[in-house]
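Start counting the sequence shown at 21; every next residue gets the next number (our numbering).
Heads up: the structure comes next, in structure tokens.
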Amino acid sequence: MIRLQGVSKTFPDSPRPAVDHFDLDVPTGKTCVLIGPSGCGKTTTMRMINRLIEPTSGRILVDSEPVTHADPVGLRRRIGYVIQQIGLFPHMTIAENVATVPKLLGWKPERIRARVDEMLDLVGLDPGQYRARHPRHLSGGQRQRVGVARALAADPPVMLMDEPFGAVDPIIRTKLQSEFLFILRRLRKTVILVTHDIDEAIRMGDLVAVMREGRLLQYDTPEGLLSRPTDAFVADFVGADRALKRLSLITAREVCEPVTVHSDTPTVAGSATLRDVLAALLACGADSVQVRDGNGAMLGELTLAAIRRLAVTVEPQDA
Ligand SMILES: Nc1ncnc2c1ncn2[C@@H]1O[C@H](COP(=O)(O)OP(=O)(O)OP(=O)(O)O)[C@@H](O)[C@H]1O
Ligand SMILES: [Mg+2]
């Protein structure tokens, strides 16, 4: 569990706090996404958790221990950090980059070598091919994979990831996101991830924290954020299409209803999202679909009216 209690940071010579009375609880094993406009304090918040920046006031606890009592070097070994702009060491090979923290921890060379190969495999880079290369001989996406491998190398329970997918094109980014989410969930890491991209936040986060000018505006599940934005800024930030975005969080299997009349309506898979189902309904002009599982067994049906009911969202009070 990571807990921030009334945390503020005012930089010297700065008129207003970069982070202002910020409270946040991230349960163990969950992914929390920090999102907000440029300059709202996301990186500063992250860097206070691993003590690269000291808060002006407030408390930060990692597993109930105040980080101000922890030795900063030991703390950073427990907290993997993927920095904005990747930050690989250019003169070191990929293997040396990934080995950074295990080496600091004094692991034996054989153990380090095995761990480096294991990590490169994990992020989808063939160790034989990439171990001895330098970062400049890798694509942006490959470098990002190495950044994540390096942060995971000493198996820290907590991962801080600052726009880890910022430097790659949108198609690769979506692929990397789902891959890493899968890996981090499987390894049961507690993750704080920064992004500018609301779709990324909704896809990746168990919880999403929307920040503005150093303050926390809303901390909620993706579903809560889309269906009940707390004010006009959050509503605007999540986008006018939030009803559609919300439909993409729900699968046909979860909400289909028992079939009343058998008809030859189009079929969709149980794993299809309601957004996909809606697109299918619009494309073929039908007003209901049959939902079937991978073996063709009937799960139920979904009507346009039911999807419309599920898409209802609440307007913020001040809108
Ligand atoms: N070392 C520093 N000294 C003075 N001001 C700083 C320092 N670091 C950050 N700031 C200021 O604090 C505010 C928050 O910066 P921060 O880097 O946390 O923003 P961010 O949300 O990560 O933005 P971005 O999305 O652009 O990365 C900004 O106004 C920034 O200019
Ligand atoms: Mg930043």
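Think of the CB as a built atom: it goes at the ideal place given N, C-alpha and C, for glycine as much as any other residue.
No experiment lies behind these values; they were computed from the predicted model shown.
Per DSSP, G100 is paired with what? M179
Between the segment 175-190 and the segment 205-217, do at least 3 Cβ pairs fall closer than 8 Å? yes
I'd like the span of the alpha helix (DSSP H) that includes C304, first residue to last. L294 to C304
Expressed to the nearest angstrom, what Euclidean distance is found between the alpha-carbon atoms of A260 and A229? 19 Å
What is the DSSP secondary structure of F185, counted as helix, strand or coil? coil
So, at 8 Å on beta carbons, what are the nonlocal neighbours of V275 in its own chain, with the 5 sequence-adjacent residues on each side left out? L294, L322, A326 and L330
Please identify the residue among L95, D240 and R223 whose C-alpha is closest to the C-alpha of S268. R223
Who pairs with K29 in a beta bridge, going by DSSP? V39
CB-CB under 8 Å to D307, same chain, minus the five flanking residues each way: which ones, in chain order? L301, T323, L324 and A325
Under 6 Å: does the beta carbon of K195 sit that close to some heavy atom of ligand 2? no
Counterpart residues of P86 in DSSP-defined beta bridges: L81
Tell me whether S283 sits in a helix, a strand or coil according to DSSP, three-state version. coil
For the segment 92-108 against the segment 67-77, are there 3 or more C-beta pairs whose distance is under 8 Å? yes
Could you check what DSSP says for M318 in three-state terms: helix, strand or coil? strand
Beta-carbon gap between A317 and V297 smaller than 7 Å: no
Which of the three DSSP states, helix, strand or coil, is assigned to T345? The displayed coordinates of the chain run from 21 to 339. Any statement about residue 345 would go beyond what the structure contains.
Can you have a look at Q197 and say buried or exposed, based on whether 16 or more other CB atoms are within 10 angstroms of its CB? buried
Whole-Å CB distance - G8 paired with P249, under 8 Å assumed: The structure shown does not extend to residue 8, since the chain is modelled only from 21 to 339, so the question has no answer here.
For T323, does the three-state DSSP call read helix, strand or coil? strand
Would you say the segment 36-53 touches the segment 166-176, given that touching needs at least three Cβ pairs under 8 Å? no
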